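Following: one structure in structure tokens, then a few remarks.
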Amino acid sequence: MEEAEPSCYPVWVAAEDPLFILYTSGSTGKPKGVLHTTAGYLIYAATTFKYVFDYKPGDVYWCTADIGWITGHTYVVYGPLANGATSVIFEGTPFYPHNDRYWSVIDKYKVNQFYTAPTAIRSLMKFGDELVKKHDLSTLKVLGSVGEPINSEAWLWFYNHVGHGKCSIADTFWQTETGGHVITPLPGATPMKPGSATFPFFGVLPELLDEDGRVIEGEGEGYLVFRRPWPGMMRSLYGNHDRFQTTYFDRFHGFYCTGDGARRDADGYLWVTGRIDDMLNVSGHLMSTAEVESVLTEHSDVAEAAVVSKPHPVKGQCLYCFVTPNEGRIFSKQLSDELKRKVREKNWTFCPTRCDTTCSRLAKDSLRENNETYTQKNSNWRQKRRGCFYPR
Numbered sequence: 030m031e032e033a034e035p036s037c038y039p040v041w042v043a044a045e046d047p048l049f050i051l052y053t054s055g056s057t058g059k060p061k062g063v064l065h066t067t068a069g070y071l072i073y074a075a076t077t078f079k080y081v082f083d084y085k086p087g088d089v090y091w092c093t094a095d096i097g098w099i100t101g102h103t104y105v106v107y108g109p110l111a112n113g114a115t116s117v118i119f120e121g122t123p124f125y126p127h128n129d130r131y132w133s134v135i136d137k138y139k140v141n142q143f144y145t146a147p148t149a150i151r152s153l154m155k156f157g158d159e160l161v162k163k164h165d166l167s168t169l170k171v172l173g174s175v176g177e178p179i180n181s182e183a184w185l186w187f188y189n190h191v192g193h194g195k196c197s198i199a200d201t202f203w204q205t206e207t208g209g210h211v212i213t214p215l216p217g218a219t220p221m222k223p224g225s226a227t228f229p230f231f232g233v234l235p236e237l238l239d240e241d242g243r244v245i246e247g248e249g250e251g252y253l254v255f256r257r258p259w260p261g262m263m264r265s266l267y268g269n270h271d272r273f274q275t276t277y278f279d280r281f282h283g284f285y286c287t288g289d290g291a292r293r294d295a296d297g298y299l300w301v302t303g304r305i306d307d308m309l310n311v312s313g314h315l316m317s318t319a320e321v322e323s324v325l326t327e328h329s330d331v332a333e334a335a336v337v338s339k340p341h342p343v344k345g346q347c348l349y350c351f352v353t354p355n356e357g358r359i360f361s362k363q364l365s366d367e368l369k370r371k372v373r374e375k376n377w378t379f380c381p382t383r384c385d386t387t388c389s390r391l392a393k394d395s396l397r398e399n400n401e402t403y404t405q406k407n408s409n410w411r412q413k414r415r416g417c418f419y420p421r
């Protein structure tokens with residue numbers, strides 16, 4: 030260390046030289062090597078960080094993401110460093126050594142911007158607000174949500190109990206492929222709606238398309254696509270440019286297809302409804318799993334929920350719901366009946382623990398696999414599977 034130079038001189042490269050390759054599983058499918066290049070990505074990371082988090086010199090910023098996925102790349106490493114930001118670097122779990130570890134860190138380091146995932150928020154909600162009240166969170170100015178659509182109950186808890194009703198919430202929509210935020214409110218400038226990612230970032234032009242690729246004007250729901258490129262978007266899939274073309278551009282010619290659905294309300298706000306892969310066709314009606322999950326988590330006893338499809342001899346598909354109760358609650362027949370009344374479906378499974386991807390989204394492929402295995406064998410499931418899920 031004593032022999033090392035105190036400064037590191039930059040290596041000059043071309044603007045479109047590769048910066049990194051990040052493999053992403055997405056929500057479903059085979060991992061893809063997303064290729065980002067140097068200049069456009071760095072500019073976009075720096076700009077979105079500065080404006081979405083309203084970062085000012087002297088602020089203390091904390092993103093809880095693992096550096097190994099895109100949020101860690103863009104909003105733990107590149108974006109903050111490009112702005113000379115003071116960042117909290119965190120390792121471990123929010124539940125060890127105590128369930129108030131997040132709030133303790135915010136209190137200790139006087140964090141101003143706090144960026145985390147809805148799954149983490151819902152997990153912390155189940156412990157109630159007493160743990161939050163133990164700590165001084167008055168330094169917080171901006172709260173951020175990333176990784177999946179946030180349901181309104183989690184949004185309101187985050188806003189009222191963590192932000193004490195005074196913090197802007199940046200409900201950010203973006204992907205590994207986009208490099209940075211593409212739909213997001215701007216603190217102090219965008220009136221917020223719980224659960225809405227609101228409006229596009231500078232230069233981003235989203236559209237909603239129907240099944241035939243026609244643009245949906247005004248209110249409506251459809252495929253979320255983008256009409257033109259932006260600086261931070263991916264340039265290819267490493268070693269497989271044909272897959273890059275077919276995955277993102279062939280479905281709707283002339284548009285980048287996110288693979289997500291969204292709806293636009295009367296005020297022009299965008300609400301991301303989840304992966305198109307997670308749309309279920311029940312008796313001819315398309316149902317968004319994200320919307321069903323939101324209904325389930327509105328129940329005061331439910332910490333988390335994940336919904337997948339199950340074959341049905343009459344309807345084609347029906348819902349199969351995995352539910353994690355809040356701390357100290359049990360998955361009782363009464364709770365099951367109450368949830369059924371909310372959604373009017375028949376299949377429920379108690380999930381005492383979480384099975385998440387690295388970006389805190391519930392791993393729905395695993396849930397589908399477990400559901401199918403149980404449906405086929407209908408016995409000894411507890412021994413044969415991973416131990417996360419238990420049949421009713």
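Counting in my numbering, the final residue of the sequence shown is number 421, and the numbers go up one at a time with none missing. Just so it is clear, CB atoms sit at the ideal spot from N, CA and C, and this is done for glycine as well. The structure displayed is predicted, hence computed values, not measured ones.
- In this structure the stretch 195-214 lies against the stretch 259-266, because at least three pairs of beta carbons, one per stretch, are closer than 8 Å.
- Taking C-beta atoms as the reference points, Phe255 and Leu234 count as a pair closer than 8 Å.
- Look at the beta carbons and you see the stretch 216-234 touching the stretch 178-188: at least three pairs across the two are nearer than 8 Å.
- Sixteen is the threshold: when 16 or more other Cβ atoms of the shown chains lie within 10 Å of the Cβ of Asn112, as they do, the residue is buried.
- For Arg304, DSSP records a beta bridge to Asp289.
- In this structure, Val324 sits near Lys371, with a CB-CB distance shorter than 8 Å.
- In this structure, Thr77 places its C-beta atom within 8 Å of the C-beta atom of Phe230.
- Looking at Ile150, Pro216, Glu45, the one whose alpha-carbon comes closest to that of Tyr84 is Pro216.
- Per DSSP, the continuous beta strand (DSSP E) segment holding Ala335 begins and ends at 331-341.
- Ala295 and Pro35 have their C-alpha atoms spaced approximately 56 Å apart.
- Your pair Gly288 and Ile305 checks out as a contact, with CB atoms roughly 6 Å apart and the cut at 8 Å.
- Selection Gly108, Trp132, Thr122, Leu368 evaluated against Ala332 yields Leu368 as nearest (Cα-Cα).
- In this structure, the beta-carbon distance from Thr100 to Val140 does not fall below 8 Å.
- Contact between Arg293 and Gly249 is confirmed by a C-beta separation of about 6 Å, below the 8 Å threshold.
- The residues Pro354, Asn355, Arg358, Leu364, in chain order, have a CB closer than 6 Å to that of Asp330 in the same chain once the five nearest residues on each side in sequence are set aside.
- Note that the C-beta distance between Phe82 and Ala199 is below 8 Å.
- Remark: three or more beta-carbon pairs, one from each stretch, lie closer than 8 Å, so the stretch 122-136 and the stretch 155-165 are flagged as touching.
- For Ser323, the three-state secondary structure derived from DSSP is helix.
- Contact annotation: Ala334 and Thr326 have beta-carbon atoms nearer than 8 Å.
- Restricting attention to Glu159, Ile150, Gly108, Asp88, the CA atom closest to the CA of Lys170 is found in Asp88.
- The Cβ atoms of Gly157 and Leu172 lie no closer than 8 Å to each other.
- Here DSSP, grouped into helix, strand and coil, assigns Thr168 to coil.
- Secondary structure at Ile245: coil, using DSSP grouped into helix, strand and coil.
- Under the DSSP assignment, Pro86 falls outside any alpha helix (DSSP H); it carries neither an H nor an E label.
- Counting only the Cα atoms, Leu51 lies some 9 Å from Tyr267.
- Check the Cα spacing between Pro220 and each of Thr115, Ser197, Glu236, Glu240: the tightest is with Ser197.
- Boundaries of the alpha helix (DSSP H) harbouring Phe273: 270-277, taken from the DSSP string.
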